[in-house]
Structure formats: C-alpha cells, structure tokens
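Let me begin by presenting the structure, written as structure tokens, before commenting on it.
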Amino acid sequence: MPASSSIDSPFAQLTADDLSAIKALIEQVLTQALESGDFVMPEAPENPILHLSGACFVSYYVDGQLRGCTGSIEAHSALWQDIAKRAYTTLKDRRFEPIRLSELKDIRFDINILTPLMAMENRGLEALLEDLSPHQDGLLIVGRNRQAVFLPTVWDALPTPEAFVRALLNKGGWPEDYWSDKLSLYRFYTFEYALV
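As structure tokens, then:
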C-alpha cells in the first residue's frame, strides 16, 4: 500500500496484473540465481507502466523475518529492469543469512517504489526534526563522501523523528549526535506493495 496516497505518481496505484508481473520477475531472478548463482535479466513484461523509469527497493522476508533489502535511490532505467537487478542484489545482501533454494516457496517479497528525491534546506538538526512527517517521509543524508538512506517503513521501528535521524546518521558512519551545515538532505516518498 502506498505510503502516501496523495502523491501524484504513475506508480501510486499498480493493478493486480502489474503486481503479478512484478512477482513473476522477482521469482524468475531468484530461481535462476539460487540454482546457478547467475543473474539473468528476464524478458520484458508487457505492462506499459513497468517500462516507465523508476527506482525501487526490494525486500525479502522468510517466516516474517527480514532476510535482505537493497535498492536504488534514483531512477536510471525502466522500473521492471530495476526490480530485476534489485531482486538479485537483495539476494546477495551480506547483512543477512543467505537464502536457500529450499526457502524459495516461503519467501515474501515487498517492493517500495520511490518518488524523485526532493532537496530539503539544511536549517539545522532541530528544524529537520520538526519538518519530518513520521510514517510518510523517507530521508537521504549525504556528506563527507558518505550517505545513508531510510525508507518510510523504518518509522515502524523508529517512530520518533529524533530516533529516526540519529539512527540514520549512525548508519551513515557519523556519530549519532553529529551535525554539519554541509550535510545535504533529501526527502522522498514510497509506494509500498507486498507481493503475496
């Protein structure tokens, strides 16, 4: 379900047929990768909307436990191609126990499709905390040759702006209490779909 239904985007309301095509793409990539270790780009789906430029994150869950999550922050290709690439890189997410072929039937897929990044004025940490909308805003922080991003779904685990931002700074390798006027800030929204 979209994180914000008020955002004007072609990806705000994907049809059941679109979601079925996305699930088939991911399953093809996963099966090929788990059987051979190789990435093979599937055939292009017929769904026109999936040929629009798009960026996404793909997440895998087994028995309700997150087992991988990777994605793109900005669109550089057709959405279906980005989905296929992320399906493979998520399988290789080294932060989690590798998924086994025997678990393929038990995997649940989630996909978050991102809106374009929207630059935010850096007016200090306190202003950022006041500007953020919990459970709606995704946030990208860039600076000092590093960056970190949280999807809006992270608000479920970090429900306050302070916890959200401090954890994001920590993820990027900065101290949790670090701030600089040289940090670049970007807000975005996502449309989240569970593929079951």
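In terms of my numbering, the sequence shown is residues 1451 to 1646. Just so it is clear, CB atoms sit at the ideal spot from N, CA and C, and this is done for glycine as well.
- Task: Check L1475 in the structure and name its three-state DSSP category.
- Result: L1475 falls in the helix class under three-state DSSP.
- Task: Could you please give the first and the last residue of the uninterrupted beta strand (DSSP E) stretch that includes A1644?
- Result: Its beta strand (DSSP E) spans residues 1640–1645.
- Closest by CA to I1563, which one among E1496, P1611, C1506, Q1482? Minimum Cα distance to I1563 is reached at C1506.
- Host alpha helix (DSSP H) of R1616 (start-end): For R1616, the enclosing alpha helix (DSSP H) stretches over residues 1611–1621.
- Query: If you draw a straight line from the C-alpha of Y1639 to the C-alpha of E1493, how long is it?
  - Reply: For the pair Y1639 and E1493, the Cα-to-Cα distance works out to about 29 Å.
- Task: Take D1467 and list the residues in its own chain whose beta-carbon comes closer than 6 Å to its own, dropping the five residues that flank it on each side.
- Result: Correct list: empty, nothing qualifies.
- Query: For A1537, which option in M1491, I1457, D1587, P1602 has the closest C-alpha, if you only look at C-alpha atoms?
  - Reply: Comparing Cα-Cα distances from A1537 to each of M1491, I1457, D1587, P1602, the minimum goes to M1491.
- Query: How many Å lie between L1475 and R1573 at the Cα?
  - Reply: In this structure, the CA atom of L1475 is about 42 Å from the CA atom of R1573.
- Which residues bound the alpha helix (DSSP H) around R1550? Premise fails: R1550 is in no alpha helix (DSSP H) and is neither H nor E.
- Cut-off 6 Å between Cβ atoms - residues of its own chain near F1461, not counting five sequence neighbours on either side: Correct list, in chain order: I1563, F1641.
- Task: Rounded to whole angstroms, what's the CA-CA distance from T1539 to T1520? Just pull it up for me.
- Result: Rounded to whole angstroms, T1539 to T1520 spans 6 Å at the Cα level.
- For A1528, write down the residues that DSSP places opposite it in a beta bridge. S1503.
- Message: With three or more beta-carbon pairs closer than 8 Å as the criterion, would you say the region 1549–1565 touches the region 1606–1625?
- Response: With the cut-off at 8 Å, the region 1549–1565 and the region 1606–1625 do not touch.
- Item | Identity of the residues DSSP links to I1563 by a beta bridge | Looking at the DSSP assignment, I1563 forms a beta bridge with C1506, F1641.
- Are the beta-carbon atoms belonging to V1592 and L1633 less than 9 Å from one another? In this structure, V1592 places its C-beta atom within 9 Å of the C-beta atom of L1633.
- Item | Whole-Å CB distance - Y1636 paired with A1569, under 8 Å assumed | Your pair Y1636 and A1569 checks out as a contact, with CB atoms roughly 6 Å apart and the cut at 8 Å.
- The beta strand (DSSP E) spanning A1598 covers which residue range? Unbroken beta strand (DSSP E) run through A1598: 1596–1600.
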